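Right, one structure below, let's go through it.
There are 2 protein chains.
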Amino acid sequence: MSEPRLLPLLGDPPPERRDAARNREALLVAAQSLIDECGVEHMTMEAVAARAGVGKGTVFRRFESREGLMAALLNHSESAWQAAVMSGPPPLGPGAEPMERLLAFGRSRLESTLRHHELVRAAGRAGSRSYAVWSFTAMHVRYLLGELGVEGDLPLLATALLAPLELPILEQQLSVEKFPLDRVVDGWVDLVHRVVRTPDQPA
Amino acid sequence: MSEPRLLPLLGDPPPERRDAARNREALLVAAQSLIDECGVEHMTMEAVAARAGVGKGTVFRRFESREGLMAALLNHSESAWQAAVMSGPPPLGPGAEPMERLLAFGRSRLESTLRHHELVRAAGRAGSRSYAVWSFTAMHVRYLLGELGVEGDLPLLATALLAPLELPILEQQLSVEKFPLDRVVDGWVDLVHRVVRTPDQPA
Chain Y
1 MSEPRLLPLL GDPPPERRDA ARNREALLVA AQSLIDECGV EHMTMEAVAA
51 RAGVGKGTVF RRFESREGLM AALLNHSESA WQAAVMSGPP PLGPGAEPME
101 RLLAFGRSRL ESTLRHHELV RAAGRAGSRS YAVWSFTAMH VRYLLGELGV
151 EGDLPLLATA LLAPLELPIL EQQLSVEKFP LDRVVDGWVD LVHRVVRTPD
201 QPA
Chain E
1 MSEPRLLPLL GDPPPERRDA ARNREALLVA AQSLIDECGV EHMTMEAVAA
51 RAGVGKGTVF RRFESREGLM AALLNHSESA WQAAVMSGPP PLGPGAEPME
101 RLLAFGRSRL ESTLRHHELV RAAGRAGSRS YAVWSFTAMH VRYLLGELGV
151 EGDLPLLATA LLAPLELPIL EQQLSVEKFP LDRVVDGWVD LVHRVVRTPD
201 QPA
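Protein chains in written order, with full-length UniProt numbering: chain Y, 1 to 203; chain E, 1 to 203.
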């Protein structure tokens, strides 16, 4: 099975005039820098416009609402992450052993989900995690399980490895149970090793 | 580790006068029978009142809103399910081997989540799956993993077994990927066996 390189990146925009694309990019960079500096709650359409040096109307024309801008930021960030998985440096990208890539993938997915936590919430319905993102991660994990020679129902095993990395589960573990992040990561690594072991390994 | 029998059942109501409790029970039974016969969308407060032979005002006084009634139904059903797990007949209840109980638990949890699917949606925020339900299931799976002699971080392994049974994951598998239900159940059984195998089993 060859690596699914031809999958279109999530959020690839339809062709835009170059200055419009630049404009959009500038607004997303402005919004992200505001969030990094002041937190999601301070990212207002006015503040983004001021930081990017454009009128507020331009920001609304481009993203319709604050929720729309949040969703665009999420998409932008998911696209960058997908690109890193598919063609970035190892061990997340190609070039490392499949087990090393799988463990790097899990840690990176977990961190990215936690980093986007507030953004997902702020984007409301517009930002609900899309099946496109899920499909990308499922296809990638399935590919790596195949490379590892795992036998069994690989799509379902991929799902089993991805499910504990979903936000509600992570929130339960980190915020409610108060498990340290390292413990959650170690637990996931242990799960991967249990899933990958060959079942007919002689006792 | 002894079985966590002393855990209070979810949704145990505060003490009510006996006739009020009977009244409440009658309304829940009426609502459930309407849903079973006509679907969640036809369960109106008027229809529930008519079926139970009381005024609409009584239904509203009791549950405040349609969402409130849906949430009460969910709680009622979760309580019955928890009672079946803790003291019902084997293999879901006590008396069967731990592996048999664990597999019966997974299938039953999956079926209950799917059965309540529409109810969860209709209950809106009032019905968002509570951490109390999650804690009960996590404690039970952790107990069974202990009985099976599994070594490792049992709370995290319990989470890993429960996460693929959450509704968004099941919906992705059944409604989007169109996997048959049996395949999803088989996948979960395979996951359990992989997780339970002793890691230091000599190769």
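Ideal Cβ placement from N, Cα and C applies to all residues, glycine included.
Please read these numbers as outputs of a predicted model, since none were measured by experiment.
Span of the alpha helix (DSSP H) holding residue i?
| i | result |
| --- | --- |
| PHE63 (chain E) | 56-63 |
| PRO91 (chain E) | Per DSSP, PRO91 (chain E) belongs to no alpha helix (DSSP H) and is neither H nor E. |
| THR159 (chain E) | 154-162 |
| LEU34 (chain E) | 18-38 |
| VAL176 (chain E) | Element bounds for VAL176 (chain E): n/a, residue is neither H nor E. |
| GLY149 (chain E) | No alpha helix (DSSP H) holds GLY149 (chain E); DSSP gives it neither H nor E. |
| HIS193 (chain E) | 181-196 |
| MET45 (chain Y) | 45-52 |
In angstroms with no decimal places, state the Cα-to-Cα distance between residue i and residue j.
| i | j | result |
| --- | --- | --- |
| ARG197 (chain E) | ARG115 (chain Y) | 34 Å |
| LEU165 (chain E) | ARG18 (chain Y) | 46 Å |
| TRP188 (chain Y) | PHE60 (chain Y) | 41 Å |
| LEU28 (chain Y) | PHE136 (chain Y) | 23 Å |
| PRO155 (chain Y) | VAL176 (chain E) | 13 Å |
| GLU97 (chain Y) | LEU170 (chain E) | 31 Å |
| ARG107 (chain E) | THR44 (chain Y) | 47 Å |
| GLU111 (chain E) | ALA47 (chain Y) | 48 Å |
| GLY68 (chain E) | GLY152 (chain Y) | 43 Å |
| ILE35 (chain E) | LEU174 (chain E) | 22 Å |
| ARG62 (chain Y) | SER33 (chain Y) | 18 Å |
| ALA160 (chain E) | VAL85 (chain Y) | 23 Å |
| ALA20 (chain Y) | ALA71 (chain Y) | 18 Å |
| GLN82 (chain Y) | LEU144 (chain Y) | 15 Å |
| ASP186 (chain E) | GLY93 (chain E) | 21 Å |
| GLU37 (chain E) | ALA26 (chain Y) | 56 Å |
| GLY117 (chain Y) | VAL54 (chain E) | A small fix is needed here, since residue 117 (chain Y) is His in this sequence, not Gly. The straight-line gap from Cα to Cα measures roughly 46 Å. |
| ASP182 (chain Y) | LYS56 (chain E) | 53 Å |
| PRO24 (chain E) | HIS76 (chain E) | It is worth fixing the name first, because residue 24 (chain E) is Arg in this sequence and not Pro. Taking the straight line from one Cα to the other gives about 11 Å. |
Given a cut-off of 8 Å on the beta-carbon distance, is the pair residue i and residue j in contact?
| i | j | result |
| --- | --- | --- |
| LEU157 (chain E) | VAL192 (chain E) | no |
| VAL141 (chain Y) | LEU162 (chain Y) | yes |
| GLU78 (chain Y) | PRO91 (chain Y) | no |
| THR58 (chain Y) | ALA49 (chain Y) | yes |
| ALA52 (chain Y) | ALA80 (chain Y) | no |
| VAL40 (chain Y) | ALA104 (chain Y) | no |
| LEU73 (chain Y) | THR113 (chain Y) | no |
Comparing the C-beta of residue i with each C-beta of chain Y, is any distance below 8 Å?
| i | result |
| --- | --- |
| PRO180 (chain E) | no |
| ARG183 (chain E) | yes |
| residue 204 (chain E) | Residue 204 (chain E) lies beyond the stretch modelled for chain E, which goes from 1 to 203, so this question has no answer here. |
| VAL189 (chain E) | no |
| ARG107 (chain E) | no |
| VAL195 (chain E) | yes |
| ARG17 (chain E) | no |
Can you check whether the C-beta of residue i is within less than 8 Å of a C-beta belonging to chain E?
| i | result |
| --- | --- |
| THR137 (chain Y) | no |
| VAL141 (chain Y) | no |
| GLY93 (chain Y) | no |
| GLY152 (chain Y) | yes |
| GLY127 (chain Y) | No answer about GLY127 (chain Y) holds up, because its pLDDT of 49 lies below 50 and its placement is not dependable. |
Using a Cβ-Cβ cut-off of less than 9 Å, give me the residues of the stretch 156-182 of chain E that come near chain Y, in sequence order. LEU156, LEU157, THR159, ALA160, LEU161, LEU162, ALA163, PRO164, LEU165, GLU166, PRO168, ILE169, GLN172, GLN173, VAL176, GLU177 and PHE179
Mind listing which residues of the UniProt domain "HTH tetR-type" (21-81) of chain E have their C-beta closer than 9 Å to chain Y's C-betas, in chain order? none
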